[in-house]
Every structure is written in structure tokens, then in C-alpha cells.
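Student:
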Amino acid sequence: METFDHVIVGGGVVGASIAYHLACKGAGKILLLERNDLASAASSRAAGLVLQSSTKFSKTPLAKLTVDTIPALEEELGESVGYHQVGSLRIATSEGRATELDAMAHDASKWDIPVHWPNTTEVGNMVPWLDTSTVHKTVFLPTDGYIDPYLLTMFYIRAARARGVVVRPRTDVRDVLVSKQEVSGVMTDTGQIACGTVIDACGAWAAVFSERVGFPLPMAPVRSHYWITEPSETYGGDHPVTILPDVAAYTRPEVGGLILGVQESRSVTFDARELPDDPAVFSPTKGEEHWDVLIDAYEGLAQFFPTIKSAQFSSYICGLSSYTPDGEIILGPVPGVSGFYAAAGACGSGITLSAGMGDVITDLILGLQPAFDVGPFRPDRFGRIDPFCEPFRARCAAARASKSR
Ligand SMILES: Cc1cc2nc3c(=O)[nH]c(=O)nc-3n(C[C@H](O)[C@H](O)[C@H](O)COP(=O)(O)OP(=O)(O)OC[C@H]3O[C@@H](n4cnc5c(N)ncnc54)[C@H](O)[C@@H]3O)c2cc1C
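Take the sequence shown: its position 1, counted from the start at 1, is 133 in this note's numbering, and no numbers get skipped.
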């Protein structure tokens with residue numbers, strides 16, 4: 133039988149980053165298993181925003197680590213991943229929201245993330261299509277930006293492989309083998325593999341996978357989506373990412389046009405047990421209903437985006453993000469079975485947090501002290517719950533609705 137020290141299940145950005153970080157710390161023989169193609173689920177559908185600051189301060193150092201890791205990956209592979217470090221502008225229209233920006237900026241500064249306060253004229257110059265007449269205060273983080281999420285995942289994979297990690301797509305992990313309350317291996321569709329550690333990086337399916345060791349993770353798959361305009365003279369140009377928390381929306385440049393993301397007040401959620409194994413055969417949006425969501429958002433958006441009704445939206449991308457009720461990620465050992473770890477529930481920020489999640493879980497597995505406080509991320513912080521029932525999923529959708537990026 134094949135034997136590895138660590139088996140990572142899930143070949144999205146989180147699993148890929150864990151493989152890379154374990155290899156960087158010389159953790160022994162590492163195997164990554166993915167049942168479909170690598171990065172074929174959420175990690176290829178993301179808008180790719182890399183935002184280091186949010187109202188969840190626990191995540192800031194993890195996000196900063198991703199910005200710091202990108203150049204290291206590029207150096208290892210001798211190639212650019214194409215990180216568009218255009219910065220992010222976060223806009224407040226009220227005193228309450230301005231107070232939130234102050235707190236976020238203070239937290240970012242603590243981690244040496246550069247912060248600027250542009251005036252309204254400067255904001256107008258940075259984003260010419262934006263109506264700044266109701267802007268009260270704006271913070272600019274110049275080292276934020278956006279990245280191709282598929283490419284970033286493949287950079288982690290390539291760098292991990294170069295360091296000896298074995299990566300096997302098209303391998304379904306069907307069970308976790310446990311002996312005397314300790315992980316002893318996994319059962320795949322091609323046979324048994326012995327290992328001492330299993331890391332659940334199964335994205336939207338992570339609670340279904342962890343249920344095999346008797347502890348379904350406290351998270352739910354929630355629909356996330358965005359629209360893309362045709363290339364246009366109005367929206368083209370490498371503007372900063374623009375965060376509009378007052379209308380729960382964001383924009384970023386996309387090949388001469390614009391991506392527009394809108395958080396719904398009640399996002400659609402799913403019972404993870406009913407999702408097909410292959411995300412290619414599943415869409416969280418049925419038919420053309422998403423145009424109604426966009427039209428419902430027009431009124432609020434027009435405050436910043438006066439030309440929205442004439443914008444030519446030509447594409448729509450949707451997928452599943454995994455949310456927890458408190459908006460914090462899930463990272464750490466799962467109770468009940470020694471050697472089983474979870475890295476999931478990224479709350480719509482798995483690209484941004486990828487290096488931080490990989491680094492922290494590596495430290496926890498190797499018995500090292502993580503550089504950051506991981507208390508808020510504990511998988512058992514809600515006790516034993518049923519993550520598949522409607523009331524729990526509604527709490528996860530509410531966390532998404534109230535997310536202030
Ligand atoms: C529309 C949209 C926009 C987003 N925008 C952003 C953004 O701008 N910035 C940001 O930071 N984040 C964003 N996100 C969130 C981000 O995409 C996710 O947080 C991130 O991709 C999660 O990565 P993952 O590796 O955990 O999951 P995934 O990429 O979903 O990977 C999990 C993998 O596990 C595999 N798997 C599951 N079960 C098994 C099994 N039993 N055996 C083998 N393999 C298994 C699956 O096939 C899948 O490939 C967005 C998400 C969506 C949907």
C-alpha cells in the first residue's frame with residue numbers, strides 16, 4: 133500500500149496552498165487528491181479580488197501573507213502570475229461607515245499594510261466613471277488588487293510539485309480510515325492509501341467530507357456571483373478595485389470592461405449533501421433569474437454608477453462560496469479523531485486568504501505555534517450542529533449579506 137505523511141483532499145486554491153506550505157516546511161511525503169480537474173470548482177470562478185482589510189480583523193494577517201507570498205511563488209517558478217496591484221478604494225457615504233473605515237485602516241496599519249486617505253477629487257481621478265457627490269470618506273490600500281484565481285492555484289500546485297508533492301487529479305476520496313480514534317489513511321476510488329494526517333480542503337463539500345469522521349463542519353454553500361460588461365471607453369483602464377459597502381457591491385477592471393459583484397440581502401443556500409460531485413454539471417442560478425437580482429440593485433448602485441442602466445453587461449459568472457454563521461473561516465483540528473484537519477469555510481475570501489490558510493494549517497499540523505491568533509477559526513466553536521438544515525444555512529446566508537469586504 134502507498135504511504136504518505138499527509139493527504140490533502142481538494143485541489144482548489146486552499147488545498148494547493150496547503151500542499152505548497154507543507155512542502156516549504158519540509159513536512160515529509162505529501163499527496164494532494166482532487167476528484168475532478170484541479171481548480172475546477174470555486175477557485176476558477178472567483179472574481180480574484182485580493183483585499184487585505186475587512187471588518188473581520190482576525191483575517192488581516194492571513195490576507196497579507198498572500199500578497200507577500202505571490203512574489204515568492206513568482207521567484208520560485210521564474211514567471212509572473214500577473215497580480216494586478218491596482219490597489220483598492222473603499223468608500224463610505226455616512227459617518228457610521230467612515231468609523232468602520234477608520235477601524236479597518238487602523239488594523240491594516242498594525243500589520244504594516246500601507247493605507248492612504250485620498251480626497252474626493254483624487255478618488256474621481258482614480259475611478260472616472262464613479263459619481264463622488266455622496267462620498268463622505270475613502271480609504272485606499274495600494275497593495276491590494278486582483279489576480280487570475282485559476283493561475284494562482286496552478287502556481288501553488290507547480291511550486292508544490294517542484295518541491296516533491298504528488299498531485300493526483302481525477303481521484304475521488306470516498307472515506308477516511310480511522311484506527312483507535314486516529315487517522316490511518318483514506319479510501320479512494322482506486323484503492324487505499326495510508327497516512328497520518330488528512331486535511332479536508334473540499335470547499336463547498338467540506339462538511340460532507342468531515343461528516344465521515346462524525347463532525348460535519350459548521351458551514352454552508354452560498355451562491356456568489358458577478359456580472360461583466362463589454363469592453364468600453366467609460367469603464368476601461370486599470371482602475372483600483374472599488375468597494376461600495378453601503379450598497380453591498382464591488383467593481384474591478386476586466387479586459388477593458390468592468391466586473392460588478394453584488395451581495396444579495398438573502399443569498400440562495402444549498403444542502404451540501406445534495407450537490408453533485410462535479411461542479412461542471414451544476415449551476416446555483418436557474419435560467420436568467422440573475423438579471424432580476426441586478427435590476428433590483430440598480431437603484432442603490434446608481435448613486436455611484438449613474439450610467440449603470442446603459443452599461444452593456446454581457447457575461448454572468450456564479451458559483452458556490454462557503455460561509456459560516458460568524459463570517460470567520462474554519463481552520464484547525466477537527467474534534468474526535470486525531471490527525472484530521474479542516475481548512476474550509478473561506479467566506480468568499482479563499483483567494484485572498486489562500487497563503488495564510490496554508491501557512492497556519494501547516495503550523496498546526498506540525499505542532500508549531502502559528503504566528504497569528506487562530507482562536508476565531510476553531511472548527512468546534514459552534515459545538516455540534518447540523519450544517520445541512522435550513523435554519524443553520526439561513527444564518528450562513530445572513531453572514532454573507534452583512535459581509536463588509
Ligand atoms: C462567484 C465567486 C466570486 C468569488 N470572488 C472571490 C474574490 O474575489 N476573492 C476571494 O478571495 N474569493 C472569492 N471567492 C471565494 C473563493 O473562490 C473561494 O473561497 C475559494 O476558491 C475556495 O477554495 P477551496 O480550495 O476551498 O474550494 P474549491 O475551489 O471549491 O475546491 C474544493 C475542491 O475539493 C474537491 N473535492 C471535494 N470533495 C472531494 C473528495 N471527496 N475527493 C476529492 N476531491 C474533493 C472539489 O472537487 C473541489 O475541486 C469567490 C467565489 C465565487 C463563487
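Where a beta carbon is used, it is the ideal one built from N, C-alpha and C, also for glycine.
1. Any heavy atom of ligand 1 within a distance shorter than 7 Å of the CB on V146?
2. For T275, which of A171, S241, W261 and T266 has the nearest alpha-carbon?
3. Report the residue ranges of all alpha helix (DSSP H) runs contained in full by the segment 328-375; include only those spanning at least 4 residues, in chain order.
4. Could you tell me whether any non-hydrogen atom of ligand 1 is closer than 7 Å to the CB of E421?
5. If you drop the 5 nearest sequence neighbours on each side, which residues of the same chain put their C-beta closer than 8 Å to that of L117?
6. Could you check if F347 belongs to the surroundings of ligand 1, using beta carbon to heavy atom distance under 7 Å?
7. What would DSSP say about F445, mapped onto helix, strand or coil?
8. Relative to the alpha-carbon of E211, which residue among V218, I202 and G219 has its alpha-carbon at the smallest distance?
9. Mind checking who H138 pairs with in its DSSP beta bridge?
10. I need the boundaries of the alpha helix (DSSP H) containing S186, first residue and last residue.
11. Opposite F414 in the DSSP bridges: which residues?
12. Going by other Cβ atoms of all chains shown within 10 Å of its Cβ, with 16 needed for buried, is K441 buried or exposed?
13. Closer than 7 Å by C-beta to S176: which residues in its own chain qualify, once you throw out the five before and the five after it? Chain order, please.
14. Does ligand 1 have even one heavy atom less than 7 Å from the beta-carbon of C334?
15. Taking DSSP as the reference, what is the three-state secondary structure of R384?
16. Could you say which of D428, A443, D304 and Q501 lies nearest to D410 if we only look at CA atoms?
17. Below 6 Å CB to CB, which residues in the same chain sit around G471 once its five sequence neighbours on both sides are set aside?
18. Under 7 Å: does the beta carbon of H268 sit that close to some heavy atom of ligand 1?
19. On a Cα-Cα basis, can you pick out the residue from T264, P301 and E207 that is closest to N251?
20. In three-state terms, what does DSSP make of H268?
21. Just to confirm before moving on: does the CB-CB distance between S453 and A224 stay below 8 Å?
22. Quick one: Cα of G335 to Cα of Y358, how far?
23. How is the alpha helix (DSSP H) around G147 delimited, first residue to last?
24. Between which two residues does the beta strand (DSSP E) carrying E314 extend?
25. What's the gap between the Cα of A526 and the Cα of K269?
26. Is DSSP giving P377 helix, strand or coil here?
27. Please list the terminal residues of the continuous alpha helix (DSSP H) segment that includes F402.
28. With H, G and I counted as helix, E and B as strand and the rest as coil, what does DSSP make of S82?
29. CA-CA distance, P408 and N168?
30. Would you tell me roughly how many angstroms separate the C-alpha atoms of P377 and G317, rounded to the nearest one?
31. Have a look at the DSSP bridge pairing and note the partners of G464.
32. What residue from H371, R222, P385 and L284 has the CA that sits closest to P363's CA?
33. Below 8 Å between beta carbons: does that hold for V379 and Y455?
Tutor: On the basis of the data shown:
1. yes
2. If we check each option's Cα against that of T275, S241 comes out closest.
3. 338-342
4. no
5. One cannot answer for residue 117 here, as it falls past the ends of the chain, which runs 133 to 537.
6. no
7. strand
8. I202
9. I162 and T329
10. Looking at the DSSP string, S186 is not in any alpha helix (DSSP H), and its letter there is neither H nor E.
11. Bridge partners of F414: none, in fact.
12. exposed
13. P281 and Y282
14. yes
15. strand
16. Comparing alpha-carbon positions, the option among D428, A443, D304 and Q501 lying closest to D410 turns out to be D304.
17. E314, V315, G328 and T329
18. no
19. Comparing alpha-carbon positions, the option among T264, P301 and E207 lying closest to N251 turns out to be T264.
20. coil
21. no
22. Roughly 19 Å separates the two Cα atoms.
23. V145 to C156
24. Unbroken beta strand (DSSP E) run through E314: E314 to T320.
25. Put simply, the backbone Cα of A526 is about 33 Å away from that of K269.
26. helix
27. Note, F402: premise wrong, no alpha helix (DSSP H); not H, not E.
28. Absent from the model: residue 82. The displayed extent of the chain is 133 to 537, so no value can be given.
29. Their backbone Cα atoms lie some 12 Å apart in a straight line.
30. Between P377 and G317, the C-alpha separation is close to 45 Å.
31. A474
32. P385
33. no
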